[in-house]
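Residue 1 is where the sequence shown starts when you use our numbering, and the numbers rise one by one after that.
By construction, the Cβ of each residue, glycine as well, lies at the ideal position given by its N, Cα and C atoms.
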Amino acid sequence: MASKILIAEDDNNILGLLSVFLSGLGYEVSLARDGQEALEMAVKVKPDLMIVDIMMPRMNGFKLVNTLAMDRHDIPMPKVIMLTSLADKENVQRGLSVGADVYIPKPFNLEDVAARISELLGETPAK
Ligand SMILES: [Mg+2]
């Protein structure tokens, strides 16, 4: 069965790019345009992995990941990649401390994102 990836991102260009790319790799992709929507969708979809932007309306990525990590909402904690332009040391530390597994700065490379997803999901690199 295809792994499920939920993308939380308020930039439509990035959301579209990741969606097309990851669907093309065979993942089952869900999209949310703010943190609150992502939280609600995560409870329904039970994603294996989430790609999370930090600066989003209604609920930022730190709060989103922290909420999922602290209060599981009866779902298994997904792997989390933070994908953000807030890539200074302090924000990276904060992201990892709230429960992100990997921090990827924007601008990003699609192949990097795919490689990190494979690692986190325990897949073989040549997917
Ligand atoms: Mg944003």
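At a threshold of 7 Å, M50 does not count as near ligand 1, since its beta carbon sits no closer than that to any of the ligand's heavy atoms.
The way I'd put it, the region 55-73 does touch the region 96-105; three or more beta-carbon pairs between them come closer than 8 Å.
Sorted by position in the chain, E9, D10, D11, D53, I54, M55 and M56 make up the residues whose C-beta lies under 7 Å from a heavy atom of ligand 1.
Residue range N12 to G24 is occupied by the alpha helix (DSSP H) that includes S23. Counting of Cβ neighbours within 10 angstroms places G122 among the exposed residues, the total staying below 16.
Between the alpha carbons of Q93 and L31 lies a gap of roughly 26 Å.
With distances taken between CA atoms, I81 lies nearest to I51 out of I51, M55, I75 and D71.
Apart from the 5 residues on each side of it in sequence, L15 sits with its Cβ closer than 8 Å to the Cβ of I7, E9, L31 and R33 in its chain, given in chain order.
Within the same chain, G35 and I54 come within 8 Å of N60 by CB-CB distance, once the 5 residues on both sides are set aside. For E119, there is no enclosing beta strand (DSSP E); the residue is found in the alpha helix (DSSP H) stretching over L110 to L121. In the structure shown, S30 falls within a strand segment according to DSSP collapsed to helix, strand and coil. The beta carbon of R58 is closer than 8 Å to those of D34, G35, Q36 and E37 in its chain, skipping five residues each way along the sequence. Annotation for T67: the continuous alpha helix (DSSP H) segment containing it runs G61 to M70.
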